[in-house]
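Chemist: I'd like to ask you about the structure that follows.
Okay, here's the thing in structure tokens:
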């Protein structure tokens, strides 16, 4: 077991040093967080640029600290940079931290301590400023008003407004209810700040503005209609700064849903007496034949990366496991640029003994998918809404008892809709999509089995939506 | 998503064809089911041998079927080979199957239908035989007595006793309670057989006898004392026939416990707001430096297999995930033959933000391990007992609140026990083991944190037992 960790500061600094991910992943990876390769020249250029920016930021910070010291008021201890010692395992303060996502109306009047990223900083006057703090998908508005009662000085307001966006900030304050609903934050409360400290300053000019990165198409269109031109963050920029892009609420939600899918997959199969296994990825031959295999040397001996756990799953069944599953990477050296070809992806794979009929497998798959759908609908509401905010989608339709559509019926439906298919031929992508739409209209489901009516074949199993 | 399956018959046949695993995995793999490479020559030889044996078995079977047909009695339909059509998805019979592990005293008097592997076949007379059926870690004794009342003929007894060991068998019968406790089976009931069918015959001479493979050292010693010499199944044979060896109860238990450890690892961390992620395994540079990296070409571009998800975990923390974990393969091209060096293993990895002190991580690790220990003790009793039966071990000792042993105290304990350690030096394996024993004696735990007393270092974290 390898349980490792590193303080946030170190990781952030490392990112800042290199300008972005220093050792990027190779190529097309489905479930990867960082998956882009850039030219070394570009990397060096970026690194130099980042270094310059960092030095400028340091100078700026020193100037500010000096200025603050000069003007220091009676509340000087209520703001400033957190001494490095405080985040370096020197002492346990025993303070308790509140999560941004937990800040609801019930917290009103309570004193809280929160650490988050300063997503937005809005100076109103010399005496007043707003700071929006973010944690994962949640944001909260912090209000800073200079007043002796609140122990807040004008220097403190100045300190806050000079912070760079995305800096890591600790705040202390009292939760209050705003007079009007807040539009710019997820949490419907404010924190009236008493103290604000910076744990780690971000580079003043970030390669990605998170507000830009989180915008939906609708927002772009709306702006265009009133003649406003908003900044778009392109795919390349997102991938080049892959440690920043996942901070957008919809990316946070996507990864969380992905995790829940894998988790529910295992949970359901475990409840059906499956055993989770891990099969080798470094093997002596190709798993499925074909040329699409990554080859390498294993101590001088030719070896391949597994294209599938297929053989090992079958051998596990022979080995007496009855039902097995695996969640793990699969490698395919396919040189095709389509949405359906990936060189590395995470496979959710299962294998089971059949007693008599492959419908036994269909039943497990039905139960599995329906349980995943239900779990997401019930437990990932916030995540689904967050994604829908940036990338609108229609809610998934599924039946409690999954529809088994016979091949003949499917072909007939396509025929009636004007699409001719060769009898017993494979459906092409277009026909598949069309059938999906027809089934949704007729049966009210996006998920169904497409099965041969009266044939002993156990390998045809088709889903409209995977 | 890739949900594939194959009927047991196909998988068994494939195994029989090739004599063993046809495309074995490469080298040393910790969590792999099949992880051995054999010479091609040996493989071919084995394949020829297996083919011969199979042909002989087929001839034998044909002779038997012919003989049975000749002598056929009034109960001929109650035994025989299952027609291939019955396991080829032609029809759903709707019959319900009972699991061997569920056969307890409460089932007495009930008619049951069971499918299992014929682990042992013991002819008593022409009129009577015993067949022991196995499913995973459970075995049950089936009794076959020729009598018109039970619709059992002598031909049926003959059919059963002629079955080859490890054949897949369907039986129907009535559960009864034996007069004396059964020693050879896990289930304390018998099935009085009415029907017996063979789904798939195993090769008559198997490379591994499961009773030999499941024996403990104590049994070997006991036999030796009375001058008996029992067959030992060597490691090479086990690895060469990796689809048979996992059928032993202790191997079944090991894989099930391994699955539960990974499962509980994820479950506990999810409950502590961790997000499960999957990081790329095919990357552009080494993860941790050093030469121990597998290199390959990715579309003509140099690439490496990930030695660790380290950088990606840290980047995920920068990306706003706060706490992440991963269960996935790790690759290290280490040319060292020790128990601590593996070329491919499954890493249970976690990364989290620290607010102030690395004790925050210690607390998570404490809770994680204690929850895994508790889960195994409570939910894997049968598995632990099964392993203990073949490989005896002392039960794990752990504390509800994990001991934090300071480095100074540990060194002092070793000193008092006569082992001198260089101050602030690393412990060698021997000293580490000794400290583990001393701590178990003094504090009654096998699991503890070994921490520096007053230093800001966040990377020293030591467990006596991993």
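Protein chains in written order, with our numbering: chain A, -3 to 462; chain B, -3 to 462. A virtual CB, placed ideally from N, CA and C, is assigned to each residue, including glycine.
Leaving out the 5 sequence neighbours to the left and right, which residues in its chain are closer than 8 Å to residue 281 of chain B when beta-carbon positions are compared?
Modeler: Result list for residue 281 of chain B: 300, in chain order.
Chemist: Decide if the segment 250 to 264 of chain B is in contact with the segment 364 to 372 of chain B; the criterion is three or more beta carbon pairs, one per stretch, under 8 Å apart.
Modeler: With a cut-off of 8 Å, the segment 364 to 372 of chain B and the segment 250 to 264 of chain B count as touching, because enough Cβ pairs lie within range.
Chemist: Would you say residue 53 of chain A and residue 200 of chain A are within 7 Å of each other, going by their C-beta atoms?
Modeler: Yes, the Cβ-Cβ distance between residue 53 of chain A and residue 200 of chain A is below 7 Å.
Chemist: Give me the Cβ distance between residue 283 of chain A and residue 302 of chain A, rounded to the nearest whole Å; I'm assuming they're in contact under 8 Å.
Modeler: About 5 Å separates the two Cβ atoms, so the contact holds.
Chemist: Could one say the Cβ of residue 228 of chain B lies closer than 7 Å to chain A's Cβ atoms, at least one of them?
Modeler: Cβ-Cβ to chain A under 7 Å: no for residue 228 of chain B.
Chemist: Could you tell me whether any Cβ in chain B is nearer than 7 Å to the Cβ of residue 358 of chain A?
Modeler: No, residue 358 of chain A lies away from the interface with chain B (no Cβ there is under 7 Å from its Cβ).
Chemist: List, from N- to C-terminal side, the alpha helix (DSSP H) runs of 4 residues or more that fit wholly inside the segment 144 to 184 of chain B.
Modeler: Complete alpha helix (DSSP H) runs here, min 4: 150 to 157.
Chemist: Tell me the residue span of the alpha helix (DSSP H) that contains residue 363 of chain B.
Modeler: 355 to 375 is the span of the alpha helix (DSSP H), which, as asked, contains residue 363 of chain B.
Chemist: Whose Cβ in chain A lies nearer than 8 Å to the Cβ of residue 211 of chain B?
Modeler: Those within 8 Å of residue 211 of chain B in chain A number zero; the least Cβ separation is about 17 Å.
Chemist: Which runs of the beta strand (DSSP E), 3 residues or longer, sit entirely within the segment 419 to 451 of chain B?
Modeler: Runs found: 444 to 447.
Chemist: Taking all protein chains shown into account, do 16 or more other C-beta atoms lie within 10 angstroms of the C-beta of residue 285 of chain A, making it buried, or fewer, making it exposed?
Modeler: Exposed, by the Cβ-count rule.
Chemist: Just the Cα atoms here: how many angstroms apart are residue 347 of chain A and residue 230 of chain A?
Modeler: Whole-angstrom Cα-Cα distance: 41 Å.
Chemist: Run through chain A and tell me which residues come within less than 8 Å of residue 82 of chain B, C-beta to C-beta.
Modeler: 352, listed in chain order.
Chemist: Sort B:353, B:343, B:140 by Cα distance to residue 324 of chain A and report the nearest one.
Modeler: For residue 324 of chain A, the nearest C-alpha among the options comes from B:343.
Chemist: Can you give me the start and stop residues for the beta strand (DSSP E) that residue 100 of chain B sits inside?
Modeler: Note, residue 100 of chain B: premise wrong, no beta strand (DSSP E); not H, not E.
Chemist: Given that residue 258 of chain B touches chain A, what residues does it touch there, using C-beta distances under 9 Å?
Modeler: The contacting residues are 262, 272, 274.
Chemist: Return the residue from the list A:247, A:211, A:239 that minimises the CA-CA distance to residue 227 of chain A.
Modeler: Ranking A:247, A:211, A:239 by Cα distance to residue 227 of chain A puts A:211 first.
Chemist: Do you know how far the Cα of residue 177 of chain B is from the Cα of residue 253 of chain B?
Modeler: Answer to the nearest angstrom: the Cα atoms are 28 Å apart.
Chemist: Between residue 149 of chain B and chain A, is any beta-carbon pair separated by less than 7 Å?
Modeler: Chain A contact via Cβ: absent.
Chemist: At a CB-CB cut-off below 8 Å, which residues of chain B make contact with residue 132 of chain A?
Modeler: 316, 317, 318, listed in chain order.
Chemist: Give me the Cβ distance between residue 307 of chain B and residue 294 of chain B, rounded to the nearest whole Å; I'm assuming they're in contact under 8 Å.
Modeler: Wrong, their Cβ atoms sit about 18 Å apart, outside the cutoff.
Chemist: How would you write the range of the alpha helix (DSSP H) that residue 255 of chain A sits in, first residue to last?
Modeler: From DSSP, the alpha helix (DSSP H) with residue 255 of chain A extends over 245 to 267.
Chemist: Counting only Cβ pairs nearer than 7 Å, list the residues of chain A close to residue 324 of chain B.
Modeler: Result: 324, 325.
Chemist: Classify residue 75 of chain B as helix, strand or coil using the three-state DSSP reduction.
Modeler: Strand at residue 75 of chain B.
Chemist: Evaluate contact between the segment 191 to 199 of chain B and the segment 75 to 84 of chain B, counting only Cβ atoms and requiring at least three cross-stretch pairs below 8 Å.
Modeler: Short answer: they touch.
Chemist: Cβ closer than 7 Å: which chain B residues qualify as neighbours of residue 159 of chain A?
Modeler: Those within 7 Å of residue 159 of chain A in chain B number zero; the least Cβ separation is about 18 Å.
Chemist: Tell me which residues share the same chain as residue 495 of chain A and place their Cβ nearer than 6 Å to its Cβ, disregarding the 5 neighbours each side in the sequence.
Modeler: Given a span of -3 to 462 for chain A in the structure shown, any question on residue 495 of chain A remains unanswerable.
Chemist: Anything in chain B within Cβ reach of residue 388 of chain A, meaning under 8 Å, just list it in chain order.
Modeler: Under the 8 Å cutoff, chain B gives no residues; its nearest Cβ is about 23 Å from residue 388 of chain A.
Chemist: Hey, would you say residue 156 of chain B sits closer than 7 Å to residue 127 of chain B, going by beta carbons?
Modeler: Yes, the pair counts as a contact, with Cβ atoms nearer than the cut-off.
Chemist: Of the choices B:296, B:202, B:318, whose alpha-carbon is the least far from that of residue 233 of chain B?
Modeler: It is B:202.
Chemist: State the beta-bridge partners of residue 465 of chain A as determined by DSSP.
Modeler: Shown here, chain A extends from -3 to 462; a query on residue 465 of chain A therefore has no answer.
Chemist: Using the beta-carbon of each residue, which ones in chain B are nearer than 7 Å to residue 443 of chain A?
Modeler: In chain order: nothing, as chain B lies at least about 11 Å away.
Chemist: Of all Cβ atoms in chain B, is any one closer than 7 Å to the Cβ of residue 165 of chain A?
Modeler: For residue 165 of chain A, the answer is no, since every Cβ of chain B falls outside 7 Å of its Cβ.
Chemist: Helix, strand or coil: how does DSSP classify residue 29 of chain A here?
Modeler: Because residue 29 of chain A carries a pLDDT of 35, less than 50, the predicted location of this residue cannot be relied on, and the following value inherits that uncertainty. Of the three classes helix, strand and coil, the one that applies to residue 29 of chain A here is coil, per DSSP.
Chemist: Counting beta carbon pairs with one atom in the segment 164 to 175 of chain A and one in the segment 94 to 113 of chain A, are three or more of them shorter than 8 Å?
Modeler: These segments touch.
Chemist: Go through its chain and collect everything with a Cβ distance to residue 419 of chain A's Cβ below 8 Å, but skip five positions before and after it.
Modeler: Here the set comprises 407.
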